[in-house]
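Contents: one structure, followed by commentary.
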Amino acid sequence: MDKILIATKNQGKVDDFKVLFEPKGIKVISLLDLDSIEDVEETGTTFSENATLKSEAIATLLNMPVISDDSGLEVDALNKEPGVYSARYAGLEKDDEKNIDKVLENLKGVEEKDRTARFVCAIAVSEPGKETIVKHGYCEGKILYERRGENGFGYDPIFKPEGETKSMAELTPKEKAAISHRGNALKKLADWLEQQ
């Protein structure tokens, strides 16, 4: 493998993968480097299924190795919602603020001890003619009663990681990377790469 496509238009994600692959002499490109590719419909019921659907479809289309990830928030008191619908929990327009409002509204009256939640990330690596590899990362924590912090995105302002006094949005990018679900999945991917 001398080149790999990261199926994202998020430069931050691309940079995370560059740190992992470039020291191994593997060139990293992303959807930002290509003419538009049709969005792959994420019809799976799990993060793994959605990541795999995307990586396999694009790997077949471009005939090259592709990495895709799917991630989101699971809240135990909400039967693991928003789950795979994390980005569109409050509607199709992907509005972080409305999504946060909906989680907080749905958790009204739920005591702190029952506000357990986790961020989940599934990273799928697909190569034409090979079995897809999926690595998972988790970050356990609790949902706060109100937003705190300006960093991060998505549900970060209302998520307090286990063992932390700050919300995910109050952590520096470096602190977040050390404990985040994506960071944990990337560590597993790095371990797998070492064995290749």
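No gaps in the numbering here: position 16 of the sequence shown is 7 in my numbering, and each next residue is one more.
C-beta: ideal position from N, C-alpha, C; glycine also.
Bear in mind that the values here come from a model prediction, so they are computed numbers and not experimental data.
Do you know how far the Cα of residue j is from the Cα of residue i?
i, j, result
"His127", "Lys71", "16 Å"
"Phe150", "Val31", "29 Å"
"Arg106", "Met55", "42 Å"
"Ile58", "Ile(-5)", "7 Å"
"Val111", "Met159", "14 Å"
"Lys45", "Ser27", "15 Å"
"Gly218", "Val66", "What the structure shows of the chain is the stretch from -8 to 187, and residue 218 is not part of that stretch, so it cannot be assessed."
"Phe8", "Asp92", "32 Å"
"Leu23", "Lys0", "5 Å"
Apart from the five residues on each side of it in sequence, which residues of its chain come closer than 6 Å, Cβ to Cβ, to residue i?
i, result
"Asn90", "Tyr80 and Ala81"
"Gly16", "none"
"Lys18", "Lys(-6)"
Quick one: using the 10 Å Cβ neighbour count with 16 as the cut-off for buried, is residue i buried or exposed?
i, result
"Ser117", "buried"
"Pro148", "buried"
"Asp25", "The sequence shown places Leu at residue 25, not Asp. Exposed: under 16 other Cβ atoms inside 10 Å."
"Leu98", "buried"
"Leu38", "Note on residue identity: the sequence assigns Phe, not Leu, to residue 38. Classification for Phe38: buried."
"Leu64", "buried"
"Gly145", "buried"
"Thr43", "buried"
"Lys167", "buried"
"Pro152", "buried"
Just to check my reading of the structure: residue i and residue j have Cβ atoms closer than 8 Å, yes? What is that Cβ distance to the nearest angstrom?
i, j, result
"Ile134", "Val94", "6 Å"
"Arg173", "Asp60", "7 Å"
"Arg109", "Glu84", "That pair is no contact at about 25 Å."
"Lys157", "Gly140", "7 Å"
Report yes if the C-beta of residue i is less than 6 Å from at least one heavy atom of the ligand NAD; otherwise report no.
i, result
"Ala108", "This structure lacks the ligand NAD; in fact it carries no ligand of any kind."
Among the residues of its own chain, which have a CB less than 8 Å from the CB of residue i, if the five just before and after it don't count?
i, result
"Val48", "One detail in the question is off: residue 48 reads as Ala in this sequence, not Val. Within the same chain, Ala48 has close Cβ partners Val31."
"Leu11", "Leu177, Leu180, Ala181 and Leu184"
For the beta strand (DSSP E) that residue i lies in, which residues bound it at each end?
i, result
"Lys45", "Per DSSP, Lys45 belongs to no beta strand (DSSP E); it is in the alpha helix (DSSP H), Phe38 to Leu53."
"Ala108", "Thr107 to Ser117"
Over what stretch of residues does the alpha helix (DSSP H) that includes residue i continue unbroken?
i, result
"Pro164", "Pro164 to Ile170"
Can you find a C-beta in chain C that's less than 7 Å from the C-beta of residue i?
i, result
"Asp24", "Looking for chain C here will not work: only one protein chain is present."
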